[in-house]
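The UniProt record's numbering applies: residue 1 is where the sequence shown begins, and numbers increase by one. In what follows, a structure is listed as structure tokens, so that the remarks can point back to it.
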Amino acid sequence: MGQAASTTPLPLEITSRLAPELYDHFLDEFHASNSTLSTCSLVCKAWLHLCRRHLFFSVNLRPSFVQFLRDSPHAMATVYPYIRNVGLGGGWMREQQHEFNDIILFMITLENVRNMHLETWSWTYLAPPASAALLRGRGNLFQTLTVLDLKFIHFISFSTLRTFLSQFPALREILFDNVTWDTTHDDSDSGPDNSQLERPSFLTRFEKLTISACSNAPILTWLSNAVAEDGTAIVPPIRFIRLPEILPHEAPLVGKFLSSLGASLEHLEIGFLAHNYDEDVPAIRAIDLSLHPRLRTVRVHQLTLYQFPATPPTPTSSPPLAEVSPCFWLVPLLARINSPALSHLAFNIWLGEERQLNLIDWHALVRVLSDPRFGSLRVLQFHVRGIEEAMDDEVRNWISHRLHDWDAVQERLNVSFE
């Protein structure tokens, strides 16, 4: 009593006959713990390969790590082949420019890399050899990369960005986050005729696009104007698109781009930065969600209630009083959804107090949610910011009270805090 029972290991004749897939499953559970994987790699040769696959799956390229690979033939043989995700961050000093460019030239030689994350550096930091290699697709990396994540990267022009992206024929996903470019000497950003732009080499495989805190118009124009060699338009099979910050003048272009996607679109995240009647009307008319019969998820961003109290309309526009709200466009946008596959509807709301919720037309929203077209909806999600998470029950009551006429409110409503 009170003493821990001893555990007898399974005999070798049993453990030696365990299916390798079981080891794969066990070690997969430790994919986030490098210390555990390092220990497991010493157990036996059969585990070494599996552990290395996780240990070196994702790497950040720093001078010391690159030098380690180059100086050790053993490392090149046992580490290099397992790299699938690479990251190259910022924080480089001017005196480190040579090392940075050297890493670029090493990075493009990597084989079998699928994901690349580039963060916080400027194209002006590149020396001519590195810049030329990136713009001409010289290296194994360009042929295998499927996901490119750009964050706080500055290009010397949009033309440079365009050419760089065109070197990756296997791309399936691009994420733009605070990506900028100079426009003073660019020849393509604002012209109405972009038909002669380089055709994106990846369009026929392209599936996911995120544009956050960037100018949407040049990117969407480039993607939407691509034509094949026979002159026919190339429509990318995009199934996931995230555009959380659309400016008023960009709405017609966004609407045109979305309409071209048609039935391929399954996940849409959208938000408008304008919050007044005169600017939002074009956005409502431009975005027609009835054109996407396979939509499964819709998330609406930029529902910022506390910054926009209801005010009388301007004499020139004079909309009905119900349209004064910064969210008056929300229900008409959702009412166009005509997808029997829709299962998840989410709203990102900035909120300071309960009365600000009255800026949403809840009665109209309930009518939309009660429509048979929304019969497959399983989750109605509200992501709330501006209020402490300690008030989660109270906030949920605020919202559920306003949705009480929707029969499925208790079962499908979900409130979270960010």
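Where a beta carbon is used, it is the ideal one built from N, C-alpha and C, also for glycine.
Bounding residues of the alpha helix (DSSP H) (the contiguous stretch that carries residue i)
i, result
"tryptophan 222", "216-224"
"phenylalanine 158", "158-165"
"threonine 396", "The sequence shown places arginine at residue 396, rather than the threonine named in the question. Element bounds for arginine 396: 392-402."
"asparagine 85", "Premise fails: asparagine 85 lies in the beta strand (DSSP E), 85-88, not in any alpha helix (DSSP H)."
"leucine 357", "It is not in any alpha helix (DSSP H) - leucine 357 carries neither H nor E in the DSSP assignment."
Residue range of the unbroken beta strand (DSSP E) whose run includes residue i
i, result
"leucine 247", "No beta strand (DSSP E) holds leucine 247; DSSP gives it neither H nor E."
"asparagine 60", "58-60"
"threonine 183", "Segment: none, threonine 183 is in no beta strand (DSSP E) and carries neither H nor E."
"alanine 32", "Neither: alanine 32 is in no beta strand (DSSP E) and is coded neither H nor E."
"arginine 381", "A small correction: the amino acid at residue 381 is glutamine; arginine does not occupy that position in the sequence shown. Its beta strand (DSSP E) spans residues 379-385."
"glutamate 266", "Element bounds for glutamate 266: n/a, residue is neither H nor E."
"serine 416", "413-417"
Separation of residue j from residue i, as counted between CA atoms
i, j, result
"phenylalanine 168", "threonine 146", "8 Å"
"aspartate 28", "arginine 84", "16 Å"
"alanine 310", "arginine 205", "Below a pLDDT of 50, predicted positions are generally treated as unreliable, and alanine 310, at 46, falls in that range; the measurement from the model is reported next regardless. Near 45 Å, if we compare the C-alpha coordinates of arginine 205 and alanine 310."
"valine 395", "alanine 335", "25 Å"
"valine 366", "phenylalanine 374", "11 Å"
"leucine 268", "leucine 134", "31 Å"
"methionine 1", "threonine 8", "Only weak support exists for where methionine 1 lies, its pLDDT of 46 falling under 50; the coordinates are left without a value."
"isoleucine 387", "histidine 401", "18 Å"
"leucine 50", "valine 79", "12 Å"
"phenylalanine 176", "histidine 363", "37 Å"
"valine 254", "alanine 217", "8 Å"
"threonine 144", "histidine 98", "26 Å"
"proline 81", "phenylalanine 347", "42 Å"
"threonine 210", "leucine 161", "15 Å"
"aspartate 24", "threonine 39", "15 Å"
"leucine 295", "leucine 330", "17 Å"
"tryptophan 406", "proline 252", "33 Å"
Residues of its chain near residue i, where Cβ-Cβ distance is below 7 Å and the 5 sequence neighbours each way are ignored
i, result
"leucine 321", "Low per-residue confidence applies at leucine 321: pLDDT is 40, beneath 50, and the placement is therefore not dependable enough to give any value."
"phenylalanine 100", "Trp92 and Tyr125"
CB contact flag (residue i, residue j, <8 Å)
i, j, result
"glycine 262", "leucine 303", "no"
"proline 237", "glutamate 207", "yes"
"alanine 384", "leucine 351", "A quick correction: the sequence has valine, not alanine, at residue 384. Result yes, Cβ atoms of valine 384 and leucine 351 sit closer than 8 Å."
"serine 343", "leucine 377", "yes"
"phenylalanine 257", "serine 224", "yes"
"glycine 89", "glutamate 119", "yes"
"leucine 413", "leucine 380", "yes"
"tryptophan 121", "isoleucine 156", "no"
"residue 449", "alanine 226", "Outside the shown range of the chain, which is 1 to 418, sits residue 449, and nothing can be said about it."
"valine 415", "phenylalanine 382", "yes"
"arginine 86", "valine 66", "The residue you asked about is not arginine; residue 86 is valine in the sequence shown. Going by C-beta atoms, valine 86 is not nearer than 8 Å to valine 66."
"phenylalanine 30", "leucine 22", "no"
"asparagine 34", "leucine 48", "no"
"serine 41", "arginine 52", "yes"
"leucine 247", "isoleucine 287", "no"
"isoleucine 103", "leucine 61", "yes"
Identified DSSP bridge partners for residue i
i, result
"threonine 124", "According to DSSP, threonine 124 bridges with nothing at all."
"leucine 37", "None, per the DSSP bridge assignment."
"glycine 304", "Before going on, a small fix: residue 304 reads as threonine here, not glycine. Trp350, per the DSSP bridge assignment."
"glutamate 173", "Val147 and Lys208"
"proline 119", "Looking at the sequence itself, residue 119 is glutamate, so the reference to proline does not match. Answer is Lys151."
"valine 409", "DSSP output for valine 409 lists no bridge partner at all."
"isoleucine 241", "Leu209 and Leu268"
Residues near residue i in its chain [Cβ-Cβ closer than 6 Å; skip 5 each side]
i, result
"valine 179", "Leu150, Ile153 and Cys214"
"residue 449", "For residue 449 there is no data in the structure shown, the boundaries of the chain being 1 and 418."
"leucine 369", "Trp406"
Residues of its chain near residue i, where Cβ-Cβ distance is below 8 Å and the 5 sequence neighbours each way are ignored
i, result
"leucine 105", "Pro129, Ala130 and Ala133"
"arginine 70", "Met76 and Phe106"
Residue i CB to nearest heavy atom of the ligand NAP below 7 Å
i, result
"proline 340", "Inclusion of the ligand NAP in the displayed structure is not the case, the ligand content being empty and no account of it being possible."
Chain D within 8 Å of residue i, Cβ atoms only
i, result
"histidine 249", "In the displayed structure, chain D is absent; only one protein chain is listed."
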